[in-house]
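Pasting the structure below:
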């Protein structure tokens with residue numbers, strides 16, 4: 001009797017827990033750039049103009065089906081299921097189990113298809129001809145005349161569909177109307193951005209010309225959409241690079257057109273964080289004036305400081321790390337001397353291969369104003385300390401624990417990495433030759449003499 005009561009209680013708890021969550025499962029067909037089928041599907045929410053993965057779901061090996069449990073905080077609001085740039089809207093309520101079969105721009109909903117998901121099912125079915133151009137493998141090779149005909153044919157149906165969304169869920173209806181308005185615009189842009197050839201400038205139909213010329217970016221809420229950033233960037237690429245045949249970065253052409261100050265600042269920061277600019281310092285200096293919040297201004301200043309440091313003649317960024325005894329050492333303590341920084345790790349075979357040449361290099365500059373600092377990005381301090389002591393490694397050895405300036409400011413993503421600064425704390429080379437390359441010794445010698453070098 002006691003066991004029965006315990007089992008019943010466990011079932012009640014399980015049922016109660018399930019009733020506060022929902023399940024999404026199904027299939028998603030998506031080929032990766034290497035030609036293989038993706039093995040993960042993502043359940044996401046919008047965040048800063050893009051998507052933030054809430055729940056990664058791995059496909060089963062047997063039947064390629066994914067499954068995930070959606071928590072309470074992600075119910076009763078629009079969320080997205082997809083892979084990379086191919087996302088589909090879903091709306092889940094407590095206790096529901098939604099099945100989806102998606103890929104190549106299309107999706108079929110089954111299982112718990114509530115009124116909200118039926119809106120999305122009807123929507124994707126209606127715009128299927130357009131999405132064939134943007135989401136299928138060879139869609140960009142389809143005849144552009146067909147694409148233009150589809151856009152013309154969808155104009156009125158899309159407007160009517162969005163206007164007539166009325167599920168009785170007012171919050172959803174408002175959210176869906178806004179999302180689908182821009183989802184359609186995004187789907188209009190994608191084919192051309194992906195390579196669909198419309199023709200020469202004078203061959204573009206009036207409807208598309210108006211589409212690209214009438215957008216003034218007055219609405220900051222675009223940033224609340226899962227494709228907000230990419231829509232803006234793809235739009236700029238098509239309008240300025242493809243249609244107007246301009247030379248340069250699409251973002252640089254778009255920024256002056258963004259009339260909403262808040263949206264402009266967010267786009268500028270997002271673009272800067274990706275470093276997608278030909279002249280990063282110039283980009284930051286030119287757009288720093290448009291920041292609207294202290295957080296944005298601080299971000300831009302920090303990025304500008306790092307960008308300037310990476311250019312020859314830029315100021316170094318100070319750091320402080322401990323040696324094996326725990327004593328802290330600052331980079332700035334070496335003003336007046338040439339400084340060579342070696343970023344390495346005990347597990348890095350190419351780093352260890354450079355050690356003998358580094359030791360010889362250090363010996364060749366004994367008695368001169370040259371300092372050698374080795375920054376380990378190991379996270380196992382004992383292992384690092386043991387190697388330094390047993391091999392009697394020369395120079396100043398500091399432990400970073402893969403944190404601080406070496407990661408954040410110097411943006412070291414590959415090792416070994418050698419960085420050279422002159423006597424005034426100015427950058428000579430942020431990615432200097434390795435010790436096994438005779439060019440490094442020549443570069444240090446010329447820096448000691450105060451000569452400018454073109455060594456790369």
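In this note's numbering, the protein residues as written are 1 to 456.
The beta carbon of each residue, even a glycine, is placed where N, CA and C say it ideally should be.
- Message: Cutting at 7 Å between CB atoms, please list the residues of its own chain near residue 395, excluding the five before and the five after it.
- Response: On the chain shown, residue 395 is found 395 positions in, with the first residue counted as 1. Only 362, 372, 373 and 374 meet the Cβ criterion.
- So, is residue 159 buried or exposed, given that buried needs 16 or more other C-beta atoms within 10 angstroms? Numbered from 1 along the chain shown, position 159 holds the residue referred to as residue 159. Classification for residue 159: exposed.
- Quick one: is residue 458 buried, meaning 16 or more other Cβ sit within 10 Å of its Cβ, or exposed? Residue 458 is absent from the model: the chain starts at 1 and stops at 456.
- Below 8 Å on the Cβ atoms is my guess for residue 354 versus residue 436; work out the distance and round it to an integer in Å. Start at 1 with the first residue of the chain shown, and residue 354 comes out as number 354. Start at 1 with the first residue of the chain shown, and residue 436 comes out as number 436. So it is a contact: roughly 6 Å between Cβ atoms.
- Item | Nearest residue (CA-CA) to residue 289, options 301, 242 and 125 | As a position in the chain shown, residue 289 is number 289, starting the count at 1. It is 301 whose Cα lies nearest to the Cα of residue 289.
- Query: Taking the alpha carbon of residue 48 as the point to measure from, which residue in 213, 349, 268 and 356 has its own alpha carbon closest?
  - Reply: Stepping through the chain shown from its first residue, residue 48 is reached at position 48. It is 268.
- Do the CB positions of residue 368 and residue 448 come within less than 8 Å of each other? Position 368 of the chain shown, counted from the first residue, corresponds to residue 368. Position 448 of the chain shown, counted from the first residue, corresponds to residue 448. Yes, they are a contact pair.
- Does DSSP classify residue 52 as helix, strand or coil? Within the chain shown, numbered from 1, the residue matching residue 52 stands at position 52. In the structure shown, residue 52 sits in a strand (DSSP, three-state: E or B).
- Indicate whether residue 345 and residue 388 have their beta-carbon atoms separated by less than 8 Å. Sequence index remark: in the chain shown, residue 345 carries index 345 (1-based). Sequence index remark: in the chain shown, residue 388 carries index 388 (1-based). No, Cβ-Cβ distance for residue 345 and residue 388 is not below 8 Å.
- Message: Nearest by alpha-carbon distance to residue 96: which of 335, 297, 116 and 278 is it?
- Response: Counted from its first residue, the chain shown places residue 96 at position 96. Nearest of 335, 297, 116 and 278 to residue 96, Cα basis: 116.
- So, helix, strand or coil for residue 369, using DSSP? Translated into the one-based positions of the chain shown, residue 369 becomes position 369. The answer is coil: DSSP assigns residue 369 none of H, G, I, E or B.
- Item | DSSP-derived helix/strand/coil call for residue 27 | Sequence index remark: in the chain shown, residue 27 carries index 27 (1-based). Residue 27: strand per DSSP, three-state reduction.
- Message: Suppose only complete runs of 4+ residues qualify. What are the alpha helix (DSSP H) ranges in the stretch 339-393, listed by chain order?
- Response: 349-364 and 381-390
- Task: Check whether the Cβ atoms of residue 419 and residue 341 sit closer than 8 Å, and answer yes or no.
- Result: For this step, residue 419 is matched to residue 419 along the chain shown. For this step, residue 341 is matched to residue 341 along the chain shown. Yes, they are a contact pair.
- Query: For the beta strand (DSSP E) that contains residue 47, what are its first and last residues?
  - Reply: For this step, residue 47 is matched to residue 47 along the chain shown. Taken as a continuous stretch (DSSP letters only), the beta strand (DSSP E) holding residue 47 covers 40-47.
- Does the separation of the CB atoms of residue 142 and residue 133 fall below 8 Å? Your numbering for residue 142 matches position 142 in the chain shown. Your numbering for residue 133 matches position 133 in the chain shown. Cβ distance < 8 Å, so residue 142 and residue 133 count as in contact.
- Which one of 101, 184 and 175 has the shortest CA to CA distance from residue 126? Walking along the chain shown from the start, residue 126 turns up at place 126. For residue 126, the nearest C-alpha among the options comes from 184.
- Item | DSSP state of residue 204 mapped onto helix, strand, coil | The residue given as residue 204 occupies position 204 in the chain shown. Of the three classes helix, strand and coil, the one that applies to residue 204 here is coil, per DSSP.
- Query: Looking at C-beta atoms only, is the number of pairs between the stretch 157-173 and the stretch 208-222 that lie closer than 8 Å three or more?
  - Reply: no
- Task: Would you kindly check if the distance between the Cβ of residue 43 and the Cβ of residue 83 is under 8 Å?
- Result: Here residue 83 corresponds to residue number 83 of the chain shown, with the count starting at 1. Here residue 43 corresponds to residue number 43 of the chain shown, with the count starting at 1. Cβ distance not < 8 Å, so residue 83 and residue 43 don't count as in contact.
- Query: For residue 297, does the three-state DSSP call read helix, strand or coil?
  - Reply: As a working mapping, residue 297 is identified with position 297 in the chain shown. Residue state, collapsed to three classes: helix.
- For residue 154 versus residue 130, is the C-beta spacing smaller than 8 Å? In the chain shown, residue 154 corresponds to position 154, counting from 1. In the chain shown, residue 130 corresponds to position 130, counting from 1. In contact: residue 154 and residue 130 (Cβ atoms closer than 8 Å).
- Task: In the DSSP assignment, find the unbroken beta strand (DSSP E) run with residue 228 in it and report its ends.
- Result: Residue 228 sits at position 228 when you count from the first residue of the chain shown. Element bounds for residue 228: not the beta strand (DSSP E) but the alpha helix (DSSP H), 228-236.
- Could you tell me if residue 77 is buried or exposed, where buried requires 16 or more neighbouring beta carbons within 10 angstroms of its beta carbon? Mapped onto the chain shown, residue 77 falls at position 77. That one is exposed.
- Could you tell me the distance, in whole angstroms, from the CA atom of residue 397 to the CA atom of residue 275? The residue labelled residue 397 in the question sits at position 397 within the chain shown. The residue labelled residue 275 in the question sits at position 275 within the chain shown. C-alpha separation (whole angstroms): 31 Å.
- Could you give the distance in angstroms between the alpha-carbon of residue 217 and the alpha-carbon of residue 286? The residue you call residue 217 lines up with position 217 of the chain shown. The residue you call residue 286 lines up with position 286 of the chain shown. Spanning the two alpha carbons is a distance of roughly 20 Å.
- Message: At a threshold of 7 Å, does residue 377 count as lining the ligand MG (C-beta to nearest heavy atom)?
- Response: The ligand MG is not part of this structure, which contains no ligands at all.
- Contained alpha helix (DSSP H) runs [length at least 4] in the stretch 104-188, N- to C-terminal order: 115-126, 128-135 and 144-163
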